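Presented below is the structure to which this report refers.
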DNA sequence: CTGAAAGCGCTTACAG
DNA sequence: CTGAAAGCGCTTACAG
């Protein structure tokens, strides 16, 4: 197994020039659509190119111009709905401008993100769209910027990073939904989310920090932003949240979320939640699995808010309130920002916060303590 | 808005060489890890590179070696589960080998696919992973091959294309599932799938072609392969399928699928199906929407087979039989094949057909004519 | 093991 | 408007 040699002797600008009887500089001007050329020469060169089946080598052009017309994308995990949808938006915008998009996954892991950015920079991408892991330092992103590589942040924002961002109003959407639950009479609303890393310690410390007003929503991870909205809604209604109902699932997994919800529903009736806020898609899936495994029904036994664009809502009994994120639009906007920066836009950095859409399917449901439920047959 | 100038004067091999007091050739050998170099020189060069913050320019290397360590992916639509999952597998394998992957979407449209391939070739990708639209000609793929660009096909196979492929055993999985329905006593099994383009004309003509044995399952589109399995299962059980129950939805849309299923369930009771085979994820979603909008239940009113990896199965009452495709593995395999070809593997072309997994949730359900159902409130 | 020279396929000033 | 020459940042033979 010998390593494949260089690619077939592809036809270059030199051969086109020879056949057209012009210099390579002239052929280049016609083929690359830069500089001047007369109609006659243009026809001759184009014809020669057609006859030879000339295909420009963007590598060579990129080496000279310093622009590759390629952007790099650092997604968390392209197999998740969120990033898949965002990537589609990015790819569409890139393509319309003749750009390619290199996709990498970080799995929300800083080392992998760093590695990915390194690879992308070596490939000389003109810009980067990234969902940063580290919202404080991210020296690799600052280094990319220093290397003239434009950066646009998506979903999350690094503190003081001089780069555009496109995010969702997590806090506002959570506040809205939890507010609706509170208005419907719920006072025991569970909050189940990943809430993995935090700069504030545990939930109690976070609440304390919020109370002192030192929490800047901008620099929080999305799930913490959602918790912030949850807390604000409680504050505004004068309902004091029960800390035991705020669950940090920790692992980003359906199974862990299901177990967390089962635990909540096994609490003493007086302490059991009457409503549940599921912090993201995985949590929603786990919550639904837990609920249906107990033979409970939404919203009769339990009210449910899912922060997730629920494709499966059509199949589920009503009563679910869903937060639908404009993910595709986020991708498009991020790419548009990036391409405009690459094209030379030096205006002030934009931090766009898109509103999420709240979709209620049927009534939100009464605040009635759910039965413990009987595990149903696994089917 | 002036176009950004060339990127910052990044440090090149020349500067590293100067600082280390060696020639650029030597510096290149150390930095690029090719050719010989003494330990002492190696240290000097590496140190100089570190001090200067040298970052290799893969563009320049690619121009010389003719290898970019980049692969191109032409997906149908990255925002669909299928391609998102496949892409994840591809990206993982690529990354492990230091390759990047440029993603493009064809929307199953030949012109877009052609355009995408053209862009990728101009970017000098070393190889291409593609879900081809045109299973017969695909001259652009043959041209790519001719240009020394390796190709691996995924999900679908072009006739006589000298390239590896990784596909799913659509026909076998469909035959298996439909066989189970037939064994359970169903004789009126509806088949709802996109079945858009065909080289055989309508369904009747396809059936005739199958009967004469001129249908090579390899060269069929997946949905037609599934129909083939459906027909074979019927043939083996001696049950004659009712052509009116085989619905070509045409459009690849949930709404169209829902309408198709509503129409089936509005048939005269004697002609109404007792079971339904939904040909893919969109069709499954549409079918479920139709069924639940009529207030019907699976599998009591209607048995259902979904060719789809149903994430939402946890939320739905039991009785659904799902075909789970090993999509992630397909992506991984395709990338592995491609990288081995790029590395010089010249062995015979591989056409791997992966088995799909059949997941039954509860019993398949009785063959009982479903009630017409009453439309339930939209909720 | 190291260095001087040539060159990958293009674009960019600079003359004409 | 066109052409001769230089060069982007590397790697590749080829001498030594």
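Chains as they are written, first to last, in this note's numbering: chain F, 1 to 379; chain P, 1 to 379.
For each residue, glycine too, the CB sits at the ideal point set by N, CA and C.
The model shown is predicted, which means the values in this text are computed figures rather than measured ones.
Item to check | Outcome for residue 34 of chain P when other beta-carbon atoms lying within 10 angstroms are tallied against a minimum of 16 | outcome: exposed
Checklist entry - Under the rule that 16 or more other beta-carbon atoms within 10 Å means buried, what is residue 292 of chain F, buried or exposed? => result buried
Checklist entry - On the premise that residue 125 of chain F lies in contact with residue 72 of chain F, defined as a C-beta separation below 8 Å, what is that separation, rounded to the nearest angstrom? => result 4 Å
Checklist entry - beta strand (DSSP E) containing residue 247 of chain F: first to last residue? => result 246-248
Checklist entry - Are the beta-carbon atoms belonging to residue 84 of chain F and residue 358 of chain P less than 8 Å from one another? => result no
Next on the checklist: Looking at chain F, is there any beta carbon in it that lies within less than 8 Å of the beta carbon of residue 434 of chain P?
Outcome noted: Past the boundaries of the shown model lies residue 434 of chain P; chain P is included only from 1 to 379, so the question cannot be answered.
Checklist entry - Going along the chain, which residues of the region 38-52 of chain P sit with their C-beta nearer than 7 Å to a C-beta in chain F? => result none
Next on the checklist: For residue 136 of chain P, count the other beta carbons within 10 Å of its own beta carbon; 16 or more makes it buried, fewer makes it exposed. Which is it?
Outcome noted: exposed
Item to check | Where the beta strand (DSSP E) containing residue 275 of chain P begins and where it ends | outcome: 275-278
Checklist entry - Between which two residues does the alpha helix (DSSP H) harbouring residue 259 of chain F extend? => result 254-265
Checklist entry - Going by the beta-carbon positions, is the gap between residue 198 of chain P and residue 224 of chain P smaller than 8 Å? => result yes
Next on the checklist: What would DSSP say about residue 82 of chain P, mapped onto helix, strand or coil?
Outcome noted: helix
Next on the checklist: Do residue 290 of chain P and residue 249 of chain P count as a contact pair if the criterion is CB distance below 8 Å?
Outcome noted: no
Item to check | Cβ shell of residue 244 of chain P (< 6 Å), same chain only, five flanking positions each side left out | outcome: none
Checklist entry - Taking Cβ-Cβ distances shorter than 8 Å, what residues in chain F pair up with residue 180 of chain P? => result Here the premise fails: no neighbours, minimum Cβ distance about 16 Å.
Checklist entry - For residue 68 of chain P, which residues in chain F fall below 9 Å Cβ to Cβ? => result 59 and 123
Item to check | Top-ranked residue by Cα proximity to residue 303 of chain P, from P:367, P:264 and P:75 | outcome: P:367
Next on the checklist: Threshold first: 3 residues or longer. Then list the beta strand (DSSP E) segments lying entirely within the region 342-367 of chain F, N to C.
Outcome noted: 351-354 and 357-360
Checklist entry - Does residue 233 of chain P get closer than 8 Å to chain F when you measure Cβ to Cβ? => result no
Next on the checklist: Using 8 Å as the threshold, is the C-beta distance between residue 115 of chain F and residue 133 of chain F below it?
Outcome noted: no
Checklist entry - Going by DSSP, what residues sit across from residue 93 of chain P in a beta bridge? => result DSSP, once it has assigned bridges, lists no residue as partnering residue 93 of chain P.
Checklist entry - Cβ of residue 70 of chain F within 8 Å of Cβ of residue 102 of chain F? => result yes
Checklist entry - Can you name, in chain order, every residue of its own chain whose Cβ lies under 7 Å from the Cβ of residue 380 of chain P, other than the five neighbours on each side? => result Lying before the first or after the last residue shown, residue 380 of chain P is absent from chain P, which here runs from 1 to 379.
Next on the checklist: By DSSP's criteria, residue 105 of chain F is part of a beta bridge. Which residues make up the other side?
Outcome noted: F:75
Checklist entry - Does any residue of chain P bring its CB to less than 8 Å from the CB of residue 280 of chain F? => result no
Checklist entry - Could you give the distance in angstroms between the alpha-carbon of residue 350 of chain F and the alpha-carbon of residue 163 of chain F? => result 8 Å
Next on the checklist: Taking the alpha helix (DSSP H) that residue 306 of chain P belongs to, which residues open and close that run?
Outcome noted: Where residue 306 of chain P is concerned, there is no enclosing alpha helix (DSSP H), although the beta strand (DSSP E) it sits in stretches over 303-307.
Checklist entry - Where does the unbroken beta strand (DSSP E) through residue 65 of chain F begin, and where does it stop? => result It is not in any beta strand (DSSP E) - residue 65 of chain F instead sits in the alpha helix (DSSP H) that spans 58-65.
Item to check | Contact under 8 Å by Cβ, residue 123 of chain F with residue 100 of chain P | outcome: yes
Checklist entry - Would you call the CB atoms of residue 62 of chain F and residue 59 of chain P closer than 8 Å? => result yes
Checklist entry - When the Cβ atoms of the region 145-154 of chain F are set against those of the region 263-276 of chain F, are three or more pairs found closer than 8 Å? => result no
Next on the checklist: Below 8 Å on the Cβ atoms is my contact criterion, and I expect residue 210 of chain F with residue 231 of chain F to pass it. Report the Cβ-Cβ distance as a whole number of Å.
Outcome noted: 6 Å
Item to check | C-alpha gap between residue 322 of chain F and residue 219 of chain F, whole angstroms | outcome: 24 Å
Item to check | Residue nearest to residue 279 of chain P in terms of C-alpha spacing, selected from P:265, P:267 and P:229 | outcome: P:229
Next on the checklist: I'd like to know if residue 147 of chain F contacts chain P, where contact means its C-beta is closer than 8 Å to some C-beta of that chain.
Outcome noted: yes
Next on the checklist: Taking its Cβ as the centre, do 16 or more other Cβ atoms sit within 10 Å of residue 36 of chain P, making it buried, or is it exposed?
Outcome noted: exposed
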